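For reference, each letter of the sequence shown is one residue, going 12 to 310 in the working numbering.
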Amino acid sequence: AASTHPFANWSDQNIMQGDRYSKLLDDFQSVAEQLLVFGMHIHIGFGIEQKNQDLLIEIMNQIRYFLPHILALSSSSPFWQGRNTGLQSYRSVVFEMLPRTGIPPSFQSFSEYQQYVDMLGDVGSLEVDSNKIPDATKIWWDVRPHPQFGTLEIRIADVCTDIEDTIAIAALTQAIVARLIVLRTNNQNWRPYRQHHITENKWRAVRYGTSGKLIDFGINQQVNFDILTDEIIQLVEPVLDDLNSRKEVYHIKEIVNKGTSAKQQVDIYNNAIKFQNMSHNDALKKIVDHLSEKTISGL
Numbered sequence: 012a013a014s015t016h017p018f019a020n021w022s023d024q025n026i027m028q029g030d031r032y033s034k035l036l037d038d039f040q041s042v043a044e045q046l047l048v049f050g051m052h053i054h055i056g057f058g059i060e061q062k063n064q065d066l067l068i069e070i071m072n073q074i075r076y077f078l079p080h081i082l083a084l085s086s087s088s089p090f091w092q093g094r095n096t097g098l099q100s101y102r103s104v105v106f107e108m109l110p111r112t113g114i115p116p117s118f119q120s121f122s123e124y125q126q127y128v129d130m131l132g133d134v135g136s137l138e139v140d141s142n143k144i145p146d147a148t149k150i151w152w153d154v155r156p157h158p159q160f161g162t163l164e165i166r167i168a169d170v171c172t173d174i175e176d177t178i179a180i181a182a183l184t185q186a187i188v189a190r191l192i193v194l195r196t197n198n199q200n201w202r203p204y205r206q207h208h209i210t211e212n213k214w215r216a217v218r219y220g221t222s223g224k225l226i227d228f229g230i231n232q233q234v235n236f237d238i239l240t241d242e243i244i245q246l247v248e249p250v251l252d253d254l255n256s257r258k259e260v261y262h263i264k265e266i267v268n269k270g271t272s273a274k275q276q277v278d279i280y281n282n283a284i285k286f287q288n289m290s291h292n293d294a295l296k297k298i299v300d301h302l303s304e305k306t307i308s309g310l
């Protein structure tokens, strides 16, 4: 499992049959054809009652700050069509060719968010059903309210190769949400940072994964990712026992120590070329073997 195949070419693929995919192809043309990428979506339940929807929006505003951290930990897409892109999450670059993607803006309330959705329906950007309800699933932000499930859907993550990494990132995301809710209850809301600030950190996560530095906007300094990992664990520490997820959340330290799937793929490729005298194509196949074996071993 990974968010891109090391050497598959999108132009060789057939579009999946079905009305949804046909409509995507009609709307987005060649952009839709190039979406040979795979993401991991994490749903946190809030419910559909008005007070819960407003809470969901508050937490969505706040959790945006942590999205680059989640992406960095999950990064698994350094190769694209047989090339080492030099990025750790090339999937993120491909997916942002679509409209309504990336880090979302902040909203004052669920009502303000709904007004935005309704506007997109009124102007034809979103399909509208027989009840005049716009299809908000065509808003592909890195985090969004899911219109049918009553969940906060965190969509920024790459697909992890190691199942233990998958569980750890899901548990961390759950713990962050739980901690933000507790802080809100105690009138200690996490500061919602500006969209363009978070987008800067997202680029760093795309480029460097956990090997680089993200910006701590509270102090306006770059911070090594291992230090940020410790700080996030410290933040969520008070809720881990209630969630029974201490072991799972602490596994993110192991991800940083051993390297993400993206880092491991690049290391395998470089070692195959440099030390095993493999050809470019054989080195790519070696990555595929690793991905297959690592995925199956965790099941």
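Don't be surprised by glycine CBs; every beta carbon is placed ideally from N, CA and C.
If you're wondering where the values come from, they're calculated on a predicted model, not measured in any experiment.
Own chain, CB closer than 6 angstroms to residue i, minus 5 neighbours either side, in chain order
i    : result
H301 : I279
P156 : L67
D8   : Residue 8 lies beyond the stretch modelled for the chain, which goes from 12 to 310, so this question has no answer here.
F49  : S14 and V170
D307 : The amino acid at residue 307 is misidentified as Asp; the sequence shows Ile. There are no such residues.
P158 : A147
I103 : The residue you asked about is not Ile; residue 103 is Ser in the sequence shown. Same-chain partners within the cutoff: V217.
L384 : An answer regarding residue 384 cannot be provided, because it is not within the stretch 12 to 310 covered by the chain.
Nearest-angstrom Cβ-Cβ length linking residue i and residue j, presumed shorter than 8 angstroms
i    : j    : result
P203 : N63  : That pair is no contact at about 19 angstroms.
H54  : E164 : 5 angstroms
A182 : V260 : 5 angstroms
R111 : I150 : 5 angstroms
I3   : F77  : Because the chain is modelled from 12 through 310, residue 3 falls outside the range shown and cannot be assessed.
T172 : K305 : 5 angstroms
Residue i to residue j span [Cα, whole Å]
i    : j    : result
R190 : N255 : 14 angstroms
P249 : T240 : 16 angstroms
Y127 : D140 : 17 angstroms
I230 : W201 : 15 angstroms
F39  : I74  : 29 angstroms
T162 : N95  : 36 angstroms
T184 : D129 : 29 angstroms
G135 : E123 : 19 angstroms
Q199 : K34  : 44 angstroms
I167 : Q61  : 26 angstroms
N292 : F286 : 15 angstroms
D252 : L310 : 26 angstroms
Pair within 8 angstroms by beta-carbon distance, residue i and residue j
i    : j    : result
D146 : P115 : no
F160 : Q92  : no
E107 : R195 : no
Y101 : S88  : yes
L109 : V193 : no
H52  : A179 : no
A283 : K269 : no
I243 : H80  : yes
Contacting residues, own chain, Cβ-Cβ under 7 angstroms from residue i (five flanking each side not counted)
i    : result
Y32  : I26
V105 : Q45, L46 and V48
E320 : The chain is shown only over 12 to 310; residue 320 falls outside these bounds and no answer can be derived.
H208 : F228
D65  : S120 and F121
G29  : none
Beta-carbon contacts of residue i that lie in its chain and below 8 angstroms, excluding the five residues immediately before and after
i    : result
L246 : I187 and R190
K143 : G132
S290 : none
L295 : P17, F18, F90, G93 and Y280
| Just checking, does the stretch 270–289 make contact with the stretch 220–228 on the three C-beta pairs under 8 angstroms criterion? | Output reads yes: the stretch 220–228 touches the stretch 270–289.
| Does the count of Cβ pairs from the stretch 71–91 and the stretch 225–239 closer than 8 angstroms reach three? | Remark: three or more beta-carbon pairs, one from each stretch, lie closer than 8 angstroms, so the stretch 71–91 and the stretch 225–239 are flagged as touching.
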